[in-house]
Amino acid sequence: MKLSSRLSATEFPPIAEALSWVANRQSNRELLNLCQAVPSYPPAPELQAEFARLAHLPGTGGYTEILGINPLREAFAGHLTKAYGADVTAAEVGITSGCNQAFAATIAALAEPGDNVIMPCPWYFNHSMWLSMLGIETKSIPAFSDAGAWPDVEVARQAITPKTRAIILCTPNNPTGAICPAGIIEAFYELAVEADITLVLDETYSDFRPDALPPHRLLTRPAARDHLVQLFSFSKNYALAGYRLGALVAGPALMREATKFLDTIAICPPNISQQGVVFALRELDAWKAAKKALMAECLAAIRAAFKWPELKYQLVSSGAYFAYVKHPFAGESSKTVAKRLAQEFDILCLPGVMFGPGQEDYLRFAFANVDKEKMAPLVERLVASQS
Ligand SMILES: Cc1ncc(COP(=O)(O)O)c(C=O)c1O
396 MKLSSRLSAT EFPPIAEALS WVANRQSNRE LLNLCQAVPS YPPAPELQAE
446 FARLAHLPGT GGYTEILGIN PLREAFAGHL TKAYGADVTA AEVGITSGCN
496 QAFAATIAAL AEPGDNVIMP CPWYFNHSMW LSMLGIETKS IPAFSDAGAW
546 PDVEVARQAI TPKTRAIILC TPNNPTGAIC PAGIIEAFYE LAVEADITLV
596 LDETYSDFRP DALPPHRLLT RPAARDHLVQ LFSFSKNYAL AGYRLGALVA
646 GPALMREATK FLDTIAICPP NISQQGVVFA LRELDAWKAA KKALMAECLA
696 AIRAAFKWPE LKYQLVSSGA YFAYVKHPFA GESSKTVAKR LAQEFDILCL
746 PGVMFGPGQE DYLRFAFANV DKEKMAPLVE RLVASQS
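Going by this note's numbering, the sequence shown opens with residue 396, and the numbers climb by one from there.
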C-alpha cells in the first residue's frame with residue numbers, strides 16, 4: 396500500500412510507544428505511571444450523576460451545532476469574561492472535541508503546506524505532529540531564555556520569515572510546567588501584530604495556575620481577535636479527558652474557516668459532554684478549586700522530593716501538571732534512560748526526545764497522574780537508578 400509521505404515522516408504517538416515499554420511487565424512492584432497528563436481522580440460525583448441523567452434524555456444521542464450548543468458557548472464566554480476581566484461573547488467561542496482538535500482547526504485555518512509556524516522547544520508533541528502532517532514547517536526557538544522558563548520575544552522576531560503564519564505559546568507549559576508571565580504573552584502578541592501573523596495560546600492547564608489573576612489582558616482589547624486565538628480544554632480541569640471537550644476563542648474570520656474543518660472532522664463535539672460541561676461551569680467552581688489545591692500539593696511534594704541530597708536528577712522546571720527533569724546520564728539517549736526507568740525501576744515517564752530536538756538530557760514527569768504520597772518513593776527509585 397502506498398502511504399502518505401507526510402504521515403510516514405510524522406513520529407508515532409509518544410504515549411502509545413511509552414505504554415508499550417510496560418505492556419508485558421513482570422514486576423510485582425507498583426508502576427509509578429507519570430507518562431500521560433491525566434488527573435488521578437474521577438469527575439465530580441455530581442457531574443457523573445448529571446451524565447447519567449443526560450444519557451436518558453431523548454435528544455442526547457443527536458448531533459449538535461458544529462460550534463457547540465449555545466448554552467455552553469454562552470456559559471464558557473461568561474466564564475472567560477470573569478476570568479480574564481474582559482468581554483467575551485458566545486460568538487467568539489467555538490466548542491471542539493478536545494483542545495487538540497481546536498489546535499488542528501486553528502492551524503488548518505491559518506497555514507498551508509510550505510508555510511511555517513514558530514514554536515518554543517521543548518513543545519507539546521501533538522502540536523508538532525499536526526504541523527508535520529500538514530506539511531507546515533516547525534520553526535524551533537528555545538523555550539527557555541536568560542530571563543526564565545519562557546521564550547525570548549527577540550529570538551522569535553529573528554525567526555520570522557515571509558512564510559511564517561503563527562507563533563504558538565503553551566502556558567502553563569507542556570512539558571516544562573512553566574507559566575509565561577502576562578507581560579511576555581502580551582509582548583508576543585505585539586510581535587504577532589507587527590508581523591501580521593497570529594499568536595496561538597494553548598491554555599489547557601490555565602485552571603492550575605497558582606494565582607487567580609488573568610493569564611494576560613489581551614481579551615480586553617477588542618481588536619486582539621485579529622491576531623489571537625486561544626485554546627482550552629475541559630479534559631484536566633473537570634477530569635473529563637475521555638469525554639473529549641475543548642474550545643477555541645477567535646474572531647469571526649478564523650471561526651468561519653474553523654467551522655468547515657470541524658464539520659468535516661467530527662460534525663459536532665460530543666453532545667453529552669457539552670451538556671455536562673454546562674452543568675460543570677454552573678456548579679463545580681468549589682470542586683475545581685479543591686482539585687487545583689490538590690495539584691498544588693503534588694507540585695510542592697515533587698519539588699520537596701527532588702531536594703533529596705543524593706539525587707543526581709535535576710528538576711529544571713515545574714508547574715501545573717509537569718516536572719521537566721535533567722537526567723544524570725550525559726551522552727545516553729533520553730529514550731534509553733526512560734525505557735530503563737520503566738523496565739527496571741517501575742517508573743513510566745516520557746523521554747525529552749519526544750518533545751523536540753536537543754532534549755536528549757531530559758525527562759518529563761506528569762506528576763498529576765499520581766498521589767502526592769508517591770513523590771518520595773519516586774525519588775527513592777530515581778536514586779537507586781543512579782548506580
Ligand atoms: C498542551 C496541551 N494541549 C492540548 C492537550 C489535549 O487536550 P484535549 O484532551 O482537550 O484534546 C493536551 C493534553 O495533554 C496538552 O497537554
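Don't be surprised by glycine CBs; every beta carbon is placed ideally from N, CA and C.
A quick note: this is a predicted structure, and the numbers were derived from the prediction, not measured.
- prompt: Exposed or buried, which one is residue 487 when buried takes at least 16 other CB atoms within 10 Å?
  reply: The residue in question, residue 487, is buried, as its Cβ has 16 or more Cβ neighbours within 10 Å.
- prompt: To the nearest angstrom, how far is it from the Cα of residue 647 to the Cα of residue 559?
  reply: In this structure, the straight-line span from the alpha carbon of residue 647 to that of residue 559 is close to 21 Å.
query: Short check: CB of residue 493 to CB of residue 641, under 8 Å?
result: Cβ atoms of residue 493 and residue 641: closer than 8 Å.
task: Examine ligand 1 and report whether any of its heavy atoms sits within less than 7 Å of the Cβ of residue 641.
output: Checking the Cβ of residue 641 against ligand 1 gives yes.
- prompt: Just the residues with CB closer than 6 Å to a heavy atom of ligand 1, in chain order, which are they?
  reply: Spelled out in chain order, the answer is 432, 493, 494, 495, 519, 565, 569, 597, 599, 628, 630, 636 and 641.
query: Where does residue 690 sit, in a helix, a strand or coil, going by DSSP?
result: Correct three-state label for residue 690: helix.
message: Tell me which residues share the same chain as residue 769 and place their Cβ nearer than 7 Å to its Cβ, disregarding the 5 neighbours each side in the sequence.
response: 427.
- request: Thinking residue 593 and residue 624 are a contact (beta carbons under 8 Å), I'd like their distance in whole angstroms, please.
  value: Taking a contact as a CB-CB distance under 8 Å, the pair residue 593 and residue 624 counts as one, their CB atoms being some 6 Å apart.
query: Helix, strand or coil: which one does DSSP assign to residue 534?
result: Residue 534: strand per DSSP, three-state reduction.
Ranges of the alpha helix (DSSP H) found wholly within the region 657–717, counting only runs of at least 4: List check, alpha helix (DSSP H) in window: 666–678 and 680–700.
- request: Could you check the C-alpha separation between residue 583 and residue 548 for me, to the nearest Å?
  value: The straight-line gap from Cα to Cα measures roughly 6 Å.
query: alpha helix (DSSP H) containing residue 578: first to last residue?
result: Looking at the DSSP string, the run of the alpha helix (DSSP H) that includes residue 578 is 577–590.
- prompt: Is residue 558 helix, strand or coil when you go by DSSP?
  reply: It is coil, neither helix nor strand.
Identified DSSP bridge partners for residue 628: Partner(s): 641.
- prompt: Just reading off the beta strand (DSSP E) that residue 516 is part of, what are its end residues?
  reply: Annotation for residue 516: the continuous beta strand (DSSP E) segment containing it runs 511–516.
message: Please tell me whether residue 691 and residue 605 are closer than 8 Å, where the distance is taken between their beta carbons.
response: Yes, Cβ-Cβ distance for residue 691 and residue 605 is below 8 Å.
Assigned secondary structure, residue 428 (DSSP; H/G/I helix, E/B strand, else coil): Three-state DSSP puts residue 428 in a strand.
- prompt: Hey, how far is the Cα of residue 613 from the Cα of residue 729?
  reply: Answer to the nearest angstrom: the Cα atoms are 38 Å apart.
task: Measure the C-alpha to C-alpha separation of residue 541 and residue 669 and round it to an integer number of angstroms.
output: A direct Cα-Cα distance of roughly 42 Å separates residue 541 from residue 669.
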